[in-house]
Amino acid sequence: MAVKRMIEAIREALDEEMARDSRVIVLGEDVGVKGGVFVATRGLLEKYGPDRVIDTPLSESAIVGVAIGAAMNGLRPVAEIQFADFIHPAMDQIVNEAARIRYRSNGAWGCPLVVRAPYGAGIRGGLYHSQSVESFFAHVPGLKVVIPATPADAKGLLKAAIRDEDPVIFLEPKRAYRLIQGEVPDGDWVVPIGPARVAREGRHLTAVAYGMMLHLTLQAAEQVAREGISVEVVDLRTLAPLDRETILGSVRKTGRLMIVHEDNRTLGMGAEIAALAAEEALYDLDAPVRRVTMPDVPATPFAAVLEDAVLPDVDRIARAMRELARE
Amino acid sequence: MATVKGSAAARAADPALEAVGSARLLAMYRIMVLSRALDERMWIVQRQGKVPFVITAQGQEAAQVGAAMALRPGHDVVLPYYRDMTLMLALGMTPKELMLNVFSRAEDPNSGGRQMPAHFSLPRLRVLTGSSPVGTQIPHAAGAALASRLRGEDSVTFCSFGEGATSTGDFHEGVNFAAVLRLPVIFFCQNNRYAISVPQRRQMAVESVAARAAAYGIPGVSVDGQDPVAVFQAVTEAVERARAGGGPTLVEALTYRYVPHTSDDDDRLYRSPSEVEQSRRRDPIPLMRQRLMEAGLWDDEQERALQEEVARTVDEATAYAEQAPPPDPATVMRHVFAERPAAG
Chain R
14 MAVKRMIEAI REALDEEMAR DSRVIVLGED VGVKGGVFVA TRGLLEKYGP
64 DRVIDTPLSE SAIVGVAIGA AMNGLRPVAE IQFADFIHPA MDQIVNEAAR
114 IRYRSNGAWG CPLVVRAPYG AGIRGGLYHS QSVESFFAHV PGLKVVIPAT
164 PADAKGLLKA AIRDEDPVIF LEPKRAYRLI QGEVPDGDWV VPIGPARVAR
214 EGRHLTAVAY GMMLHLTLQA AEQVAREGIS VEVVDLRTLA PLDRETILGS
264 VRKTGRLMIV HEDNRTLGMG AEIAALAAEE ALYDLDAPVR RVTMPDVPAT
314 PFAAVLEDAV LPDVDRIARA MRELARE
Chain Y
206 MATVKGSAAA RAADPALEAV GSARLLAMYR IMVLSRALDE RMWIVQRQGK
256 VPFVITAQGQ EAAQVGAAMA LRPGHDVVLP YYRDMTLMLA LGMTPKELML
306 NVFSRAEDPN SGGRQMPAHF SLPRLRVLTG SSPVGTQIPH AAGAALASRL
356 RGEDSVTFCS FGEGATSTGD FHEGVNFAAV LRLPVIFFCQ NNRYAISVPQ
406 RRQMAVESVA ARAAAYGIPG VSVDGQDPVA VFQAVTEAVE RARAGGGPTL
456 VEALTYRYVP HTSDDDDRLY RSPSEVEQSR RRDPIPLMRQ RLMEAGLWDD
506 EQERALQEEV ARTVDEATAY AEQAPPPDPA TVMRHVFAER PAAG
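Chains R and Y, in that order, are what the protein sequence lines are. Residue numbering for the first sequence follows our numbering, starting at 14 and increasing by one per position. Residue numbering for the second sequence follows our numbering, starting at 206 and increasing by one per position.
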């Protein structure tokens, strides 16, 4: 087992899957010669050639649309959208096409496609290099939505996504690319899509998070542990389909639930998880559910003080934990 | 009948016919006649209240049959649009399958009753499933061609749409992508002059759809879409170019639809009955019949026999579909995701 950065784990997953399966191709803006703006695909062009590592025109709808046609015709495309903020022109292709191909053909056609996109704030990326888009896609049956928080999960889940028979939106917390290092098991390491992970066990409250917010939530849990508050942290990993059992199991144990995400508050994943708790575990709850989220601003502002004013941080999360534990 | 069938002298007067071959010409004609009869029956069952909605092809049969005959069914990949019932018949979808589709039956091979009629899909003919949003299949065509080429197949990908689709972003993105990568795609536009109610002059400032090809550095040709032979020849040339590695072609077939956009449309709101009547003078079916007769390939007796056979086929297909069971509501949650586990 070796310690790796998340970006290296992603590159390894792509490399190994391309080596393993000649149907796997990579396409997107700058993924070839440059190796991607975050160099996630560096070295792949030299190794697999321009037929399988395709620098595309600047056309997000076509990047996904071409990948869909290739997937229906037998390939396993991995389409890269350079930033999640630029995925919106491809929304029609993802939602109306990829997600509905199996359903609308009554199972006759499938769309084994991965759309990778770096997402999330905290890098001073401003309105259009910081967005969290997960809830748009988690709302659509037919799509799987995956967000890894650790290098091991990034590698294992991306390999699972590429092998999946259905379209997977694979959102990579870009602030974690180089910031987060971790051990990645050797060999053909695959993490199944679906199950959440209890990242830290605790007794007093459950905090559900994913992506970069998982790390801040773990830090906050560590902080409040010194004050005697024991927090169980659940790393969602797969947002759709949602692992209801792991969430409910933890809530039933602790009796208190909070959700942390950098997506906006209204109709974010927190809303769905709160509804799940209300429907399935209301009588296990000892306090109202809390959410720590980005407020409902249209997007993350650029100036450092403005971004810091909206993005959840360790202090905000720890404060919410203390308040929830006292209720 | 005194006509001498298929005499060399008669055919020589129409060299295009000679080039296409009499067997193919007769097959084109039969499919056009069958398509029109099925199409008319679809409107009848809709007006009878037996089905909620139809969207059909009347007037565009020649364009579709001419293009289909230039393809290798089951080998070439096809992405149709919702007006392509003649194309589907010509490729090998059966009248029964088309009627099962119109009646939204469980046995409908396109979608098992999940989609509106005319949203075609048929794996045995490599017809990829499509949707209602216009033009979205155009990038898919580039992707399908990319996959075929990567595997070293000599198949081409045929993608069909109306002139309205050429205003969409996906048309630009998909055609540009295919052009840059020189992919084996035939972009086939059936320009019937209206996108529902909006006429061509409100759709584009260029004179023709074919003119758009110049912007992508690919060949663009306009052909008479009421002449299946001309369409066949234009698409054949495009297919040969694509198979030889010469990249995509944009083929525009100039045509006209005789029926409203769908059974929910009232076309009197945007075009005059006299305009429709005027266009019907170039109805591709009588034009083709006359041409075949003049070439000595067809006579009244054959016509009578064909009409009887077609009427029987349409009756049988309609009766079969009408009594076929609807989809089982218990299946409504199936096929959201793959039902078998992912291959390792």
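Ideal Cβ positions, reconstructed from N, Cα and C, are used throughout, including at glycine.
Residue 82 of chain R: which of Y/412, Y/524, Y/542 and Y/383 sits nearest, CA to CA?
Y/383
If contact is defined by three or more beta carbon pairs under 8 Å, each pair taking one atom from either stretch, is the stretch 382-401 of chain Y in contact with the stretch 304-324 of chain Y?
no
Can you pull the chain R neighbours of residue 334 of chain Y, defined as C-beta to C-beta under 8 Å?
85, 114, 117, 118, 121 and 122
Keeping to the same chain, check which residues put their C-beta closer than 7 Å to that of residue 87 of chain R; ignore five residues upstream and five downstream.
36
Specify whether the stretch 232-252 of chain Y and the stretch 264-277 of chain Y touch according to this definition: at least 3 beta carbon pairs, one from each stretch, less than 8 Å apart.
yes
Quick one, which of Y/277, Y/437 and Y/416 has its alpha-carbon nearest residue 297 of chain Y's?
Y/277
When we look at the beta-carbon of residue 295 of chain R and count the other beta-carbons within 10 Å, is it buried (16 or more) or exposed?
exposed
Interface residues of the stretch 318-348 of chain Y facing chain R [CB-CB below 7 Å]
319, 320, 326, 328, 333, 334, 336, 338, 341, 344, 345, 346, 347 and 348
Member of R/199, R/293, R/154 and R/248 whose CA lies at the smallest distance from the CA of residue 539 of chain Y:
R/154
Determine the extent of the alpha helix (DSSP H) in which residue 274 of chain R is found, giving its start and end residues.
That residue, residue 274 of chain R, is in no alpha helix (DSSP H); its beta strand (DSSP E) goes 270-277.
3-residue-minimum beta strand (DSSP E) runs that sit fully inside the stretch 420-490 of chain Y, ordered along the chain:
425-429 and 454-459
What do you reckon, are the CB atoms on residue 454 of chain Y and residue 430 of chain Y nearer than 8 Å?
no
In this structure, what does DSSP give as the bridge partners for residue 195 of chain R?
R/17
Do you know how far the Cα of residue 14 of chain R is from the Cα of residue 195 of chain R?
10 Å
Starting from residue 533 of chain Y, find everything on chain R with Cβ-Cβ shorter than 9 Å and list it in chain order.
Within 9 Å Cβ-Cβ: nothing; residue 533 of chain Y doesn't reach chain R, min ~12 Å.
Just mark residue 226 of chain Y as buried or exposed, buried being the case when its beta carbon has 16 or more other beta carbons within 10 Å.
exposed
I want to know whether the stretch 336-350 of chain Y touches the stretch 16-32 of chain R - three or more CB-CB distances under 8 Å.
no
State whether the stretch 171-188 of chain R contacts the stretch 122-130 of chain R, with contact taken as three or more CB pairs (one from each stretch) at a distance under 8 Å.
yes
In chain Y, which residues lie less than 7 Å from residue 110 of chain R when you measure between Cβ atoms?
336 and 341
Express the C-alpha separation of residue 189 of chain R and residue 42 of chain R in angstroms, rounding to a whole number.
21 Å
When Y/312, Y/244, Y/310 and Y/254 are compared against residue 293 of chain Y, the one with the closest alpha-carbon
Y/244
Candidates Y/316, Y/354, Y/496 and Y/519: closest to residue 452 of chain Y by CA position
Y/354
Between the stretch 41-58 of chain R and the stretch 101-117 of chain R, can you find at least three pairs of beta-carbon atoms closer than 8 Å?
no
Looking only at its chain, what residues have a beta carbon closer than 6 Å to the beta carbon of residue 330 of chain Y, apart from the 5 residues adjacent to it on each side?
278, 279, 296 and 297
Minimum C-alpha distance to residue 347 of chain Y - residue among Y/520, Y/491, Y/379 and Y/323:
Y/379
Interface residues of chain Y around residue 70 of chain R at Cβ under 8 Å?
378, 381, 382 and 385
Return no unless some Cβ of chain R is closer than 8 Å to the Cβ of residue 309 of chain Y.
no
Just curious, the alpha helix (DSSP H) that residue 156 of chain R is in, first and last residue?
That residue, residue 156 of chain R, is in no alpha helix (DSSP H); it is neither H nor E in DSSP.
Output needed in chain order: residues of the stretch 25-36 of chain R with a Cβ under 7 Å from some Cβ in chain A.
Protein chains in the displayed structure are R and Y, and chain A is not among them.
Would residue 351 of chain Y count as contacting chain R if we go by Cβ distances under 8 Å?
yes
Outcome for residue 172 of chain R when other beta-carbon atoms lying within 10 angstroms are tallied against a minimum of 16:
buried
When you compare the stretch 521-540 of chain Y with the stretch 135-142 of chain R, are there three or more beta-carbon pairs, one atom per stretch, that lie closer than 8 Å?
no
State yes or no: is the beta carbon of residue 79 of chain R nearer than 8 Å to at least one beta carbon in chain Y?
yes
Would you verify that the beta carbon of residue 166 of chain R is, or is not, closer than 8 Å to some beta carbon of chain Y?
no
Residue 93 of chain R, enclosing beta strand (DSSP E) - first and last residue:
89-93
When you compare each of R/228, R/203 and R/234 to residue 218 of chain R by their alpha carbons, which one comes out closest?
R/234
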